[in-house]
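Step one of this worksheet: look at the structure below.
2 protein chains.
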Amino acid sequence: MSPRRSDSRDRMLVGASELLREYGAGATSIDRVLARTGAPRGSVYHHFPGGRAQLIEEAVTRSGDLMAKRIDAVMAAEDPLEAVDSFFAVWRERLVESGYRIGCPVAAVAAETNDEAPQLARSAAAAFARWQETLAAHFCRHGLPEARGTRLASLVIAALEGAVIMCRAERTTAPLDAAATELRELLTHAFRDR
Amino acid sequence: MSPRRSDSRDRMLVGASELLREYGAGATSIDRVLARTGAPRGSVYHHFPGGRAQLIEEAVTRSGDLMAKRIDAVMAAEDPLEAVDSFFAVWRERLVESGYRIGCPVAAVAAETNDEAPQLARSAAAAFARWQETLAAHFCRHGLPEARGTRLASLVIAALEGAVIMCRAERTTAPLDAAATELRELLTHAFRDR
DNA sequence: GTCTATACGAAGATAGAC
DNA sequence: GTCTATCTTCGTATAGAC
């Protein structure tokens, strides 16, 4: 019996996610995933008949799901302002600890999208949409009108993704810190006026 | 005498910028730049002794400079709120007209940064920094305290870049529109309280 | 599920002629 | 400044054995 749902398959997905966030989609080759994970060459197309595209697509979906769960957990536990702050804090830590090597795997794929692999764009879009909806639902639960909650959730994600990219290039947390400060201001007003 | 500062050199830089914004850094190969521009193969390393990395680096710098000039021009002509709105409007148009194919060349490079080519990250960082400083200067000129202007400028750029990435993946302008609306709200407060 | 071998193409870079 | 090889490396994908 196979090690339930295959060990090397999962390892490849994890490895692909890591490569995506560290080096981007273009650099996430099958070879590098194998080198990093030690997964067996011979079973790549057994687990991923769709080849590289399928591997990356599934890695993106997996990363997106994990992040969505984290968003849900944090938003359920804390008040919305604290929760948003803690997202930014987590990313700040992640960036510094990795020497600014780690970014967002979903954004990496979305930024390199081309027409030849529309599935990749779709999996990234699905992740973004799910994060946005999760965040919006919590905002609305705390009293924001639906349209406002939707817009603010979208902005938070966009600002976070954009700031992470800037931080990596500039090797500073300044963009992330600026975004966190100003978004807190905006959210404070939004929830006060509700 | 050479066509002042070489014609094919410039064409290659333009072509590289286009490929960057449409397909990302990984897909911006010398071959594709040549195919797109019709520039002569034999002179690549004559114009760009540093090879592909130098070509992309200069393309990013060039794109960054162009955008900085546009920011400066718009901010000088309009009041800051209108100006920010018009940036988002320009991007919205660009996305729709291109069928969501066109993104930001600077962000594309920044998102695919790896340790092997630190010059690329640096040129992207320089572009981001220049945009941010330009925007901040205008914000402060209109009355914002320096720290606030700096933060807001940074947020505007981060939100714009993040939203563009999301729009391309989702094939909607919704993220861009949401960001524009909420940033206008935030900026309105900031300039009113000044 | 995993192994080895291999076909095939794309890409970066260099050499030397013109 | 430009041209034509050519070397080399890497990456995808497939075939067929175990």
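Protein chains in written order, with the numbering used here: chain D, 141 to 334; chain Z, 141 to 334.
Backbone N, C-alpha and C define an ideal beta-carbon position, used for all residues, glycine too.
Check: Which chain D residues are close to Leu-292/Z, counting only those with a beta carbon under 9 Å from its beta carbon?; Outcome: Ala-318 and Glu-322
Check: So with CB distances below 7 Å, who are the chain Z contacts of Thr-253/D?; Outcome: Arg-308 and Ala-309
Check: Please check if any C-beta of chain Z sits within less than 9 Å of the C-beta of Phe-331/D.; Outcome: no
Check: Out of Ala-314/Z, Leu-323/Z and Asp-219/Z, point me to the one whose CA is closest to Val-103/Z's CA.; Outcome: The question about residue 103/Z has no answer, for chain Z in this structure spans 141 to 334.
Check: Short of 8 Å Cβ to Cβ, which residues in the stretch 176-188 of chain D face chain Z?; Outcome: none
Check: Where Arg-324/Z and Pro-245/Z are concerned, what is the direct C-alpha to C-alpha distance, given to the nearest angstrom?; Outcome: 25 Å
Check: Who are the neighbours of Ala-193/D on chain Z, taking C-beta pairs under 9 Å?; Outcome: Here the premise fails: no neighbours, minimum Cβ distance about 14 Å.
Check: I want to see whether chain D comes within less than 9 Å of Arg-262/Z, judged by CB atoms only; does it?; Outcome: yes
Check: Use the C-beta contact count for Leu-117/Z: other C-beta atoms within 10 angstroms, 16 or more gives buried, fewer gives exposed.; Outcome: The requested residue 117/Z does not occur in the structure, where chain Z is confined to residues 141 to 334.
Check: Taking only beta-carbon positions, decide if Gly-283/D is within less than 9 Å of chain Z.; Outcome: no
Check: Just to confirm before moving on: does the CB-CB distance between Ala-247/D and Ala-264/D stay below 9 Å?; Outcome: yes
Check: Does the stretch 144-154 of chain Z come close enough to the stretch 175-190 of chain Z to have 3 or more Cβ pairs within less than 8 Å?; Outcome: yes
Check: Considering only residues of the same chain and omitting the five flanking positions on each side of Gln-194/Z, which have a CB-CB separation below 7 Å?; Outcome: Phe-188
Check: Does any residue of chain Z have a CB that is nearer than 9 Å to the CB of Glu-162/D?; Outcome: yes
Check: Using the three-state DSSP reduction, which class does Arg-334/D fall into: helix, strand or coil?; Outcome: coil
Check: From Val-214/D to Asp-171/D, what distance separates their C-alpha atoms?; Outcome: 36 Å
Check: Closest to Glu-322/D by C-alpha separation, out of Arg-311/D, Leu-292/D, Thr-312/D and Glu-273/D, would be which residue?; Outcome: Leu-292/D
Check: Quick one: does Gly-243/Z have its CB under 9 Å from some CB of chain D?; Outcome: yes
Check: Just list the alpha helix (DSSP H) runs in the stretch 141-213 of chain Z, keeping only unbroken ones of 4 residues or longer that don't cross its boundaries, in chain order.; Outcome: 147-163, 170-177 and 184-187
Check: Near Arg-232/D, which residues of its chain fall below 6 Å by C-beta distance, leaving aside the five closest residues on each side in sequence?; Outcome: Thr-313 and Leu-316
Check: Look up Asp-255/D in the DSSP assignment and say whether it is helix, strand or coil.; Outcome: coil
Check: Keeping to the same chain, check which residues put their C-beta closer than 7 Å to that of Gly-164/D; ignore five residues upstream and five downstream.; Outcome: Ala-248 and Glu-252
Check: Please look up how many angstroms separate the CB atoms of Leu-153/Z and Glu-197/Z, rounded, as I've assumed it's under 8 Å.; Outcome: Contact flag wrong, Cβ pair sits at about 10 Å.
Check: Kindly indicate if chain Z contains any beta-carbon less than 9 Å away from that of Glu-237/D.; Outcome: no
Check: Around the C-beta of Cys-307/Z, are 16 or more other C-beta atoms found within 10 angstroms, so that it is buried, or is it exposed?; Outcome: buried
Check: By the 10 Å Cβ neighbour count, where 16 or more other Cβ atoms means buried, how is Glu-162/D classified, buried or exposed?; Outcome: buried
Check: Tell me which residues share the same chain as Met-207/D and place their Cβ nearer than 8 Å to its Cβ, disregarding the 5 neighbours each side in the sequence.; Outcome: Val-246, Ala-267 and Trp-271
Check: Determine the direct distance from the alpha carbon of Glu-158/D to that of Thr-328/Z, and round the result to whole angstroms.; Outcome: 40 Å
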